[in-house]
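> Right, I'll just put the structure down here and ask away after.
Residue numbers (the numbering used here), protein chains in the order written: chain A, 6 to 470; chain B, 133 to 309.
Below, the structure is given as structure tokens:
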């Protein structure tokens, strides 16, 4: 093929490419702060396992992690990477800031509202309805921005379809949450609302952890793992089946579950059917990921891909644990441990591992992209010191797994030691991320001229060199 | 102004795992000036829209009931172009010189392919063309090329996995402020 022929080359300066998302680092910073706060709460014995699974203190802890840490992390990552998945620019690079402020304010109101349920701050009127409104406004801005980014790119490539399904699940999770907030804040006495608030907690959790967080993580992991390990992109039947089964699982749990609740029927059948579909989906995903690791062209893989293995192992462990407990008829007793390893081993572990690469890459691109080719520039790997970070990651996963064991055996005091180790490891990882962002390790390891300005810790600035 | 359509059904080729690109291009070059092409495929052949667009065809794609696609390519003399081709692109469509440098960056881990492309460009003269093979669309390279004022063309090769980008060095990048 002669490259002069227009037949081979199909795009011509029409592709805008993807620029740095301005507020992604702010989302990451807020998210990591929430993770540290959540771990500090566990260390002090606040919420589960010292309190019950549905205690107000546990609700505080769960939402610090689910909204403060995981959702903000995911939103920040999507503002940067959803455009990469569909080769388009983000609809708005401005909206993420008001969205972040609304989400943080809404989270604050929500936590205060939960504390009111436990008898603290009792003098104020319930803050939960306001929390529902502010949080849903924040999430709606996120959904609007990402929706307007994805919509014109239809038909979506497969990883983006995972993200789209994740975003629909986020909308459902928020909708359930708002109903709970209105009922708990005594703003409604409608029977269907009361029925939903009474029984739909499993649906809220399934849509949140299963649909929003796990499906989005799966979609993005297909692309990121393939990219960082030089493995061929997966686009066959199996990943499509992973999405179809997961989508079916969500539809069964949410739609049939909602029907059951409104008719006063048991949730057992929709939850069981949804779990089986979800398990089939995750089993196929596991097979895909094994294939990606085996088919990689890069033999020695970086720390982020090695640590992702521990996160994936945690996902497998959570599934095995859930099946084992169900067979023993003790799933009710052990559900806290299953959710713990799912949230901290799988979602948080994968999040921290990928942040280690993403922060380095985005910082490198911001600082050295403009001077590439014009002067000697460090490699992305010159920004990180993997040997130093490795021990923190190992400590983190060890602490999570031992924490899971203490939950299963009911040792709430020993659990707090595991929580302390998780906190120490997380602070270690975060300090590595800050060093990466501030280029702390570049100067000593890279002999070239250090002519680039240090980036801002919390936001990315478009460069004009 | 009536356009007659020549039918080409590439679904059997696609279902056998074949690559119908050559077949399509042959059919297109055999068309009379007032003839269009009615193509039947198992998916919406988006890359082809650009390819035939640069040959002066507009397209109209319809999804059929069974999930297949029917696309009518009409020579643009007989139809109003749905999307005007950017003037810079059309004037440059045929007269790029042969590449002066070739890079095969497919086996490199990101962002090394981008680093090598930008380094190679800096060492080249105004008007020279660089050709690089990549294993995916270089999403973060495009804004950098734009900032430095270079022109590029890019697209997946018919194998569907190799991305080829051509960059024409606009001028010495030091002059681009």
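Glycine included, each C-beta is placed from N, C-alpha and C at the ideal position.
Owing to the predicted nature of the structure, the values given are computational and were not obtained by experimental measurement.
(1) Quick check on the burial criterion: 16 or more other C-beta atoms within 10 angstroms. Buried or exposed for residue 296 (chain B)?
(2) Output yes or no for whether 8 Å exceeds the beta carbon distance between residue 112 (chain A) and residue 140 (chain A).
(3) Say whether the stretch 152 to 167 of chain A touches the stretch 106 to 126 of chain A, bearing in mind that this needs 3 or more beta-carbon pairs closer than 8 Å, one atom from each stretch.
(4) Put residue 196 (chain A) into one of helix, strand or coil per three-state DSSP.
(5) Taking buried to mean at least 16 other C-beta atoms within 10 Å of its own C-beta, is residue 54 (chain A) buried or exposed?
(6) For residue 376 (chain A) and residue 441 (chain A), which I take to be in contact (beta-carbon distance under 8 Å), what is that distance rounded to the nearest angstrom?
(7) Pick helix, strand or coil for residue 215 (chain A), following the three-state DSSP scheme.
(8) For residue 269 (chain B), which residues from the same chain have a beta carbon less than 6 Å from its beta carbon, with the 5 sequence-adjacent residues on both sides left out?
(9) Any contact of the stretch 240 to 255 of chain A with the stretch 197 to 209 of chain A, i.e. 3+ C-beta pairs under 8 Å?
(10) Which residue marks the beginning of the beta strand (DSSP E) containing residue 465 (chain A), and which one marks its end?
(11) Name the two residues that bound the continuous beta strand (DSSP E) containing residue 297 (chain B).
(12) Between A:367, A:448, A:217 and A:168, which has its C-alpha nearest residue 91 (chain A)'s C-alpha?
(13) Is there at least one Cβ from chain B nearer than 8 Å to residue 241 (chain A)'s Cβ?
(14) Return the CA-CA distance between residue 379 (chain A) and residue 252 (chain B), expressed in angstroms with no decimal places.
(15) With 16 as the cutoff for other CB atoms within 10 Å, does residue 170 (chain A) come out buried or exposed?
(16) Quick check on residue 385 (chain A) - is its C-beta less than 8 Å from some C-beta in chain B?
(17) Please state the DSSP three-state secondary structure of residue 167 (chain B).
(18) Buried or exposed for residue 215 (chain B), please, with buried defined as at least 16 other CB atoms from any protein chain shown within 10 angstroms of its CB.
(19) So residue 391 (chain A) is in the alpha helix (DSSP H); what residue range does that whole segment cover?
(20) Spell out a yes or no on whether the stretch 210 to 226 of chain A and the stretch 71 to 86 of chain A are touching, meaning 3 or more CB-CB pairs, one atom from each, closer than 8 Å.
(21) Do residue 44 (chain A) and residue 428 (chain A) have their C-beta atoms closer together than 8 Å?
(22) For residue 139 (chain B), name the three-state secondary structure that DSSP assigns.
(23) Residue 438 (chain A) and residue 388 (chain A) - do their beta-carbons sit closer together than 8 Å?
(24) Does the stretch 412 to 422 of chain A come close enough to the stretch 330 to 344 of chain A to have 3 or more Cβ pairs within less than 8 Å?
(25) Go ahead and label residue 70 (chain A) buried or exposed: buried means 16 or more other beta carbons lie within 10 angstroms of its beta carbon, across all protein chains shown.
(26) Got a sec? Which residues, its chain only, sit under 7 Å from residue 189 (chain B) by beta carbon, not counting five neighbours each side?
(27) For residue 258 (chain B), count the other beta carbons within 10 Å of its own beta carbon; 16 or more makes it buried, fewer makes it exposed. Which is it?
(28) Output yes or no for whether 8 Å exceeds the beta carbon distance between residue 101 (chain A) and residue 23 (chain A).
(29) Count Cβ pairs between the stretch 248 to 266 of chain A and the stretch 389 to 405 of chain A that sit closer than 8 Å; are there 3 or more?
(30) List the DSSP bridge partners of residue 174 (chain B).
(31) May I ask you to verify whether the stretch 174 to 189 of chain A touches the stretch 223 to 241 of chain A, counting CB pairs closer than 8 Å and requiring at least 3?
(32) With H, G and I counted as helix, E and B as strand and the rest as coil, what does DSSP make of residue 162 (chain B)?
(33) Quick one: is residue 283 (chain A) buried, meaning 16 or more other Cβ sit within 10 Å of its Cβ, or exposed?
(34) Along the chain, where does the alpha helix (DSSP H) that runs through residue 296 (chain A) open and close?
(35) DSSP three-state label for residue 176 (chain A), please.
(36) Look up residue 44 (chain A) in the DSSP assignment and say whether it is helix, strand or coil.
The relevant details are as follows:
(1) Position 164 of the second chain, counting from 1, holds the residue named residue 296 (chain B). Buried is the call here.
(2) Indexing the first chain from 1 puts residue 112 (chain A) at position 107. Indexing the first chain from 1 puts residue 140 (chain A) at position 135. A contact, by the Cβ cut-off of 8 Å.
(3) The answer is no - the stretch 106 to 126 of chain A does not touch the stretch 152 to 167 of chain A, with fewer than three Cβ pairs under 8 Å.
(4) Your numbering for residue 196 (chain A) matches position 191 in the first chain. In the structure shown, residue 196 (chain A) falls within a helical segment according to DSSP collapsed to helix, strand and coil.
(5) In the first chain, the residue the question calls residue 54 (chain A) occupies position 49. The residue is buried, with at least 16 neighbouring Cβ atoms inside 10 Å.
(6) The residue labelled residue 376 (chain A) in the question sits at position 371 within the first chain. The residue labelled residue 441 (chain A) in the question sits at position 436 within the first chain. Not quite, the Cβ-Cβ distance comes to about 18 Å (not below 8 Å), so this is no contact.
(7) Here the question's residue 215 (chain A) lines up with position 210 in the first chain. Note: residue 215 (chain A) maps to helix in three-state DSSP.
(8) Stepping through the second chain from its first residue, residue 269 (chain B) is reached at position 137. So the list reads 295, once near-sequence residues are dropped.
(9) Short answer: they don't touch.
(10) In the first chain, counting from the first residue as 1, residue 465 (chain A) sits at position 460. Looking at the DSSP string, residue 465 (chain A) is not in any beta strand (DSSP E), and its letter there is neither H nor E.
(11) Looking up residue 297 (chain B) in the second chain gives position 165. The continuous beta strand (DSSP E) containing residue 297 (chain B) extends over residues 295 to 300.
(12) Taking the first residue of the first chain as position 1, residue 91 (chain A) is located at position 86. Comparing Cα positions, the closest option is A:168.
(13) Numbered from its first residue, the first chain carries residue 241 (chain A) at position 236. No, residue 241 (chain A) lies away from the interface with chain B (no Cβ there is under 8 Å from its Cβ).
(14) Residue mapping note: residue 379 (chain A) aligns to position 374 of the first chain, counting from 1. Residue mapping note: residue 252 (chain B) aligns to position 120 of the second chain, counting from 1. Distance between the alpha carbons of residue 379 (chain A) and residue 252 (chain B): 10 Å.
(15) Residue 170 (chain A) sits at position 165 when you count from the first residue of the first chain. Residue 170 (chain A) comes out buried.
(16) On the first chain, position 380 is the one that residue 385 (chain A) refers to. So yes, residue 385 (chain A) belongs to the interface.
(17) Taking the first residue of the second chain as 1, we reach residue 167 (chain B) at position 35. Three-state DSSP puts residue 167 (chain B) in a strand.
(18) Along the second chain, read from residue 1 onward, the residue named residue 215 (chain B) stands at position 83. Low local confidence applies: a pLDDT of 37 at residue 215 (chain B) is under 50, so the model's placement there is unreliable, with the coordinate-based value given in what follows. Flag for residue 215 (chain B) reads exposed.
(19) Here residue 391 (chain A) is taken as the residue at index 386 of the first chain, counted from 1. Segment 391 to 413, the alpha helix (DSSP H) holding residue 391 (chain A).
(20) Cβ pair count under 8 Å is three or more, so yes.
(21) For the purposes of this step, residue 44 (chain A) is identified with residue 39 of the first chain, where counting begins at 1. For the purposes of this step, residue 428 (chain A) is identified with residue 423 of the first chain, where counting begins at 1. A contact, by the Cβ cut-off of 8 Å.
(22) Start at 1 with the first residue of the second chain, and residue 139 (chain B) comes out as number 7. Residue 139 (chain B) sits in a strand when the DSSP states are folded into three classes.
(23) Residue numbering aside, residue 388 (chain A) sits at position 383 when the first chain is read from its first letter. Residue numbering aside, residue 438 (chain A) sits at position 433 when the first chain is read from its first letter. No; because the gap between Cβ atoms is not below 8 Å, this pair is not in contact.
(24) Verdict: yes, contact present.
(25) Reading the first chain from its first residue, position 65 is the one you call residue 70 (chain A). Looking at its Cβ environment, which holds 16 or more other Cβ atoms inside 10 Å, residue 70 (chain A) is buried.
(26) For the purposes of this step, residue 189 (chain B) is identified with residue 57 of the second chain, where counting begins at 1. Cβ contact annotation for residue 189 (chain B) (same chain, cutoff 7 Å, sequence separation greater than five): 205, 206, 207 and 208, in chain order.
(27) Position 126 of the second chain, counting from 1, holds the residue named residue 258 (chain B). By the 10 Å Cβ count, residue 258 (chain B) comes out exposed.
(28) By 1-based counting over the first chain, the position of residue 101 (chain A) is 96. By 1-based counting over the first chain, the position of residue 23 (chain A) is 18. Residue 23 (chain A) is positioned such that its CB atom lies no closer than 8 Å to that of residue 101 (chain A).
(29) Contact between the stretch 248 to 266 of chain A and the stretch 389 to 405 of chain A is absent: fewer than 3 CB-CB pairs across the two stretches fall below 8 Å.
(30) The residue given as residue 174 (chain B) occupies position 42 in the second chain. Answer is none; residue 174 (chain B) lacks a bridge partner.
(31) They do not touch, by the three-pair rule.
(32) Your numbering for residue 162 (chain B) matches position 30 in the second chain. In the structure shown, residue 162 (chain B) falls within a coil segment according to DSSP collapsed to helix, strand and coil.
(33) In the first chain, the residue the question calls residue 283 (chain A) occupies position 278. Per the 10 Å Cβ criterion, buried.
(34) Numbered from its first residue, the first chain carries residue 296 (chain A) at position 291. Boundaries of the alpha helix (DSSP H) around residue 296 (chain A): 273 to 300.
(35) Counting from 1 along the first chain, the entry for residue 176 (chain A) is found at position 171. It is helical.
(36) Taking the first residue of the first chain as position 1, residue 44 (chain A) is located at position 39. The answer is helix: DSSP assigns residue 44 (chain A) an H, G or I state.
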